[in-house]
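Q: Each residue of the sequence shown is one higher than the one before, starting from 16 at the first, in my numbering.
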Amino acid sequence: MSIIEELENSVDIVDLVWKYARLKKVWANYKSLCPFPGHSEKTPSFVVSPSKQIAYCFGCHKWWWPIKFVMDIENCEFKESVEILWNLTGVKVKWFENMKDKEVIKKEKNLYTLYKDISNYYKSSLKRYPEIQKYIKDRWLNEESIDTFSLWYSDDWVNLYNYLKEKWYDDEVIRESQVFLDLGNKKDKFLARVIFPIKNHRWDIVAFAWRIINAGEPKYLNSPASRIYDKSNILYWLFEARQEITKKDFVIITEGYMDTISLHQYGFKNTVAVSGTALTEKHLILLKRLTNKIYLCFDNDKAWEQATRLSLEILKNKWFEVNIIVMDWWKDPDELLKSWVDFNVLIEKAVSPVVYYIKKSQFNIKSIDDKKNTLKTILEVLKSYSDNIEKDFYIKEISNLLDIPTKLIYDELNKIPNKKEDLWWEVSLQITSQDFAISYIIIDKNHREQIGRELVFLDDLDSILKDALKEDNFLNNYTLEKRELYRWLALEMEERLTAFTDDKIKDDIKKLCQKINSDIFKKESVKLKDILLNDKNNLEALIKYNNLIKKAKEMKIV
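Given below as structure tokens:
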């Protein structure tokens, strides 16, 4: 058996494809919508055969085996696809290793391998401290949870640094990890804390969270953002929870790592956590592959009440069925579970967004003014919902809770003026207009010509959009996270664009480019004005500002 055959046989193609598509078991095989950009469909035609280790799309009329699937879905070369599978399986491809001397290995060490090696160090540290193990168990975590969730410990000032140097890491890469306060004293900034490794949806360790052992602030610390860690694109424990999410067809989203670990320990293995943020557009792209049912279960305090509201805002009109698990008097899910409360009952009693808003308003049902104010607030939220069936469902809930006839509620709703209709890409709060332009190019390279023609300030575009306007394989220059984000964003767009005519798409692109032009103009003009306010004799800034205004007037941006 060749090393490539050994590698492919070590991969479960169902697990592999599950990272990119929402699979459902049909007899001996699995089916899903085709995960490849360019193939928009409503009926699943993509079939995965675990017994044959192949996938086939009846729409594309193409076959895939593991390496070929990774090459096409990641848009990468053969060597990179082998390395991706190598990381997944642990099967080493010897002819890769033999080609590399120590100097090459030293240069190729990156943040992914660095975090993996740091994890190995932290893991070995915990074994040396029985008192820390006892502290973790006193938090009601059993041995299985400690092992499953890889809870570790940071114990030493300089040994970690020395350990990494022995592994051939350059100071530049070590500094980029931001694990040390500075490389002068070589002190691990998370010394004497319990470690939670944070993984992306491919199971790579990309960051850490740390919890202080005794009293002190801050209780938790997270890795700062890096080239491979963007908390708006990471859901804690998503990779491990994905099969259970698909099986149960809903996901529970908590605020903290301990909440998620506790829920898993009590059998709710379809739970994930945000990393100190409300839900984002990028999170929804990841979740949509697995389910369209979301249960929010954030902490019971003011900060996370606001996070719930922000999450509900971004979930609006995204075709998710959303419920909120109400915590009543418990601080968080971890505390609730330790009170021996049946969490299934809380899931069954979870409320819709409208009921949540009404409950949080704490209105007095006997007060007419309270009723009127509460109704006005809720209807302003409801007015922005696009689905009439969803609106009708919520109006009936409002009627029952406020004891107001549905006809009267409809009359009041119709009195609220319609806001300016947003283009669908304008309601995406976490993804920029330039990101959507890039996705248009991924969907159809023919869009590149119109986008290039409509954009005015080409020199001021994001580097990735510049590349997209020049090269067909521009995504190859970026990280796997970037590639996956843009491919799934393209799929999301394709689903929406199926109802658009060609003329409607051209008009949409034109408006999108106008927004990009306007955003760049505002940003650059403010920047140049600031320069001129501080230095009126700056001739270069003055010329740039005049050229900017001239070009903007020519293109009717101002």
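Glycine included, each C-beta is placed from N, C-alpha and C at the ideal position.
In this text, all values refer to a predicted model and were calculated from it rather than measured experimentally.
Output needed for His298: all residues of its chain with C-beta closer than 8 Å, excluding positions within five of it in sequence on either side, in chain order.
A: Here the set comprises Ser247, Asn248, Leu250, Val289.
Q: Can you tell me which of the three DSSP states Ile339 falls into?
A: Three-state DSSP puts Ile339 in a strand.
Q: Count the other CB atoms within 10 Å of the CB of Tyr168; is the residue buried (16 or more) or exposed (fewer)?
A: Looking at its Cβ environment, which holds 16 or more other Cβ atoms inside 10 Å, Tyr168 is buried.
Q: With a Cβ-Cβ cutoff of 8 Å, do Ile453 and Ala483 count as a contact?
A: Cβ distance < 8 Å, so Ile453 and Ala483 count as in contact.
Q: Based on DSSP bridge pairs, tell me the residues matched to Asp203.
A: Beta-bridge pairing links Asp203 to Phe195.
Q: Identify the continuous beta strand (DSSP E) that holds Trp225 and give its terminal residues.
A: Note, Trp225: beta strand (DSSP E), 220-227.
Q: Hey, Arg226 and Val209 are a contact pair by Cβ (cut 8 Å); roughly how many whole angstroms apart?
A: That belief holds up - the Cβ atoms of Arg226 and Val209 are roughly 5 Å apart, short of 8 Å.
Q: If we count the other Cβ atoms within 10 Å of its Cβ and call it buried at 16 or more, is His279 buried or exposed?
A: Buried, by the Cβ-count rule.
Q: Going straight from the alpha carbon of Asp171 to that of Trp319, what length do you get?
A: Spanning the two alpha carbons is a distance of roughly 34 Å.
Q: Assign Phe164 to one of three DSSP states: helix, strand, or coil.
A: If DSSP states are grouped into helix, strand and coil, Phe164 belongs with coil.
Q: Tell whether a beta-carbon distance below 8 Å holds between Ile60 and Asn44.
A: In the sequence under discussion, the amino acid at residue 60 is Ser, which differs from the Ile named in the question. No, the pair does not count as a contact, with Cβ atoms beyond the cut-off.
Q: Since Trp78 sits in a beta bridge, which residues does DSSP pair it with?
A: Note: Trp78 sits in a beta bridge opposite Tyr71.
Q: On a CA-only basis, which of Lys40, Ser192, Cys75 is nearest Glu56? Give me that one, please.
A: When each option's Cα is compared against that of Glu56, the closest is Cys75.
Q: Can the beta-carbon of Leu38 be found less than 8 Å from the beta-carbon of Val29?
A: The answer is yes: Cβ separation under 8 Å.
Q: Any heavy atom of the ligand PLP within a distance shorter than 7 Å of the CB on Cys312?
A: Because no ligand of any kind appears in the structure shown, any question about the ligand PLP cannot be addressed here.
Q: Can you tell me whether Ile213 is helix, strand or coil according to DSSP?
A: In the structure shown, Ile213 sits in a strand (DSSP, three-state: E or B).
Q: From Val119 to Trp183, what does the alpha carbon distance come to, in whole angstroms?
A: Residue placement at Val119 cannot be trusted, given a pLDDT of 44 that sits under 50; what the coordinates show is reported in the next sentence. Rounded to the nearest angstrom, the two C-alpha atoms are 10 Å apart.
Q: Do the segment 381-400 and the segment 338-354 make contact, defined as three or more Cβ pairs closer than 8 Å?
A: Taking 8 Å as the limit for Cβ pairs, the verdict is that the segment 338-354 does not touch the segment 381-400.
Q: Could you check whether Glu89 and Arg498 sit closer than 8 Å to each other, using their CB atoms as the reference points?
A: Their beta carbons are under 8 Å apart, which means Arg498 touches Glu89 by this criterion.
Q: Grouping DSSP H, G and I as helix and E and B as strand, with all else coil, what is Asn237?
A: If DSSP states are grouped into helix, strand and coil, Asn237 belongs with the strands.
Q: May I have a chain-ordered list of the alpha helix (DSSP H) segments no shorter than 4 residues that lie completely inside the segment 309-382?
A: List check, alpha helix (DSSP H) in window: 317-330, 348-353, 358-363, 368-376.
Q: Residues bridged to Arg208 by DSSP?
A: Note: Arg208 sits in a beta bridge opposite Ile227.
Q: Where does the unbroken beta strand (DSSP E) through Ser64 begin, and where does it stop?
A: Run containing Ser64: 61-64, per the beta strand (DSSP E) assignment.
Q: If you compare alpha carbons, which of Ile457, Arg257, Asp475 is closest to Ala505?
A: Among Ile457, Arg257, Asp475, the Cα nearest to that of Ala505 belongs to Ile457.
Q: Need the endpoints of the alpha helix (DSSP H) that Ile531 sits in, please.
A: Here the alpha helix (DSSP H) through Ile531 covers 517-549.
Q: How many Å lie between Ser25 and Glu270 at the Cα?
A: Distance between the alpha carbons of Ser25 and Glu270 is about 35 Å.
Q: Rounded to whole angstroms, what is the Cα-Cα separation between Tyr150 and Ala293?
A: Approximately 30 Å between the Cα atoms of the pair.
Q: Leaving out five residues before and five after Lys414 in sequence, what residues of the same chain have Cβ atoms less than 8 Å from its Cβ?
A: The question names Lys, but residue 414 in the sequence shown is Ser. Cβ neighbours of Ser414 beyond the five flanking positions: Pro420, Thr421, Ile424.
Q: So, helix, strand or coil for Ala452, using DSSP?
A: Ala452: helix per DSSP, three-state reduction.
Q: Could you check how far apart the C-beta atoms of Ile276 and Leu311 are, in whole angstroms? I think they sit under 8 Å.
A: Not really, about 18 Å apart at Cβ, beyond 8 Å.
Q: When you compare the CB positions of Asp264 and Lys317, do they come within less than 8 Å of one another, or not?
A: Against a cut-off of 8 Å, the Cβ pair of Lys317 and Asp264 comes out as no contact.
Q: Does the distance from the C-beta atom of Asn285 to that of Glu255 stay below 8 Å?
A: Not closer than 8 Å, so no.
Q: Quick check: Asn215 and Ala224, are their CB atoms within less than 8 Å of each other?
A: Not a contact, by the Cβ cut-off of 8 Å.
Q: Quick one: Cα of Glu441 to Cα of Phe451, how far?
A: For Glu441, the predicted structure reports a pLDDT of 44, less than 50, and the residue's modelled location is therefore unreliable. The matter cannot be settled from this model.
Q: State the Cα-Cα distance for the pair Ser192 and Leu500, rounded to the nearest angstrom.
A: Whole-angstrom Cα-Cα distance: 22 Å.
Q: DSSP three-state call for Thr292: helix, strand or coil?
A: Residue state, collapsed to three classes: coil.
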